[in-house]
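Q:
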Amino acid sequence: MMRLIVLAGLGLLAFRWITGRWPWQPKVSTRNQAIFRARRLLGVEAGANRAEIMAAHKRLIAVVHPDRGGSSDQVHEANAARDLLLDELPREVR
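Residue numbering for the sequence shown follows this note's numbering, starting at 1 and increasing by one per position.
Below, the structure written as structure tokens:
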């Protein structure tokens with residue numbers, strides 16, 4: 001019986017080590033993480049509308065554009081964040 005408990009514990013630890021979460025924790029979707037990062041990058045709230053997203057994108061591009069000392073990777077990241085957040089808006093709001 002003790003051997004079974006130890007094996008179960010080792011199995012749980014192995015699961016945690018491999019996946020980075022415990023088996024009873026809900027799996028966070030990759031899309032939700034990407035949306036969170038996009039909002040944080042652009043500095044907009046969860047309920048931001050199209051105009052707010054576009055204004056935040058314009059402000060960020062003004063800072064990270066290669067002509068202003070930024071890099072093209074930063075511009076691509078800002079564009080991807082804008083596109084992702086705009087895709088999340090309801091159809092009638094777009």
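Each residue gets a CB set at the ideal place from its N, CA and C atoms; glycine is no exception.
Keep in mind that this is a model prediction, so the values were computed, not measured.
Pick helix, strand or coil for residue 89, following the three-state DSSP scheme.
A: In the sequence shown, counting from the first residue as 1, residue 89 sits at position 89. Looking at residue 89 - three-state DSSP - the assignment turns out to be coil, as it is neither helix nor strand.
Q: If you compare alpha carbons, which of 55, 69 and 66 is closest to residue 86?
A: Position 86 of the sequence shown, counting from 1, holds the residue named residue 86. Ranking the options by Cα distance to residue 86, first place goes to 55.
Q: So, does the segment 69-81 touch the segment 38-45, judging by three or more C-beta pairs under 8 Å?
A: The answer is yes - the segment 38-45 touches the segment 69-81, with three or more Cβ pairs under 8 Å.
Q: DSSP state of residue 70, grouped into three classes?
A: As a position in the sequence shown, residue 70 is number 70, starting the count at 1. Of the three classes helix, strand and coil, the one that applies to residue 70 here is coil, per DSSP.
Q: Thinking residue 57 and residue 82 are a contact (beta carbons under 8 Å), I'd like their distance in whole angstroms, please.
A: As a first step, residue 57 must be located in the sequence shown, where it is residue number 57. As a first step, residue 82 must be located in the sequence shown, where it is residue number 82. That pair is a contact at about 4 Å.
Q: Pick from 31, 35, 36 and 12: whose alpha carbon is nearest that of residue 25?
A: Mapped onto the sequence shown, residue 25 falls at position 25. For the residues 31, 35, 36 and 12, the minimum Cα distance to residue 25 belongs to 12.
Q: Is the Cβ-Cβ distance between residue 50 and residue 89 less than 8 Å?
A: On the sequence shown, residue 50 is found 50 positions in, with the first residue counted as 1. On the sequence shown, residue 89 is found 89 positions in, with the first residue counted as 1. Contact: yes.
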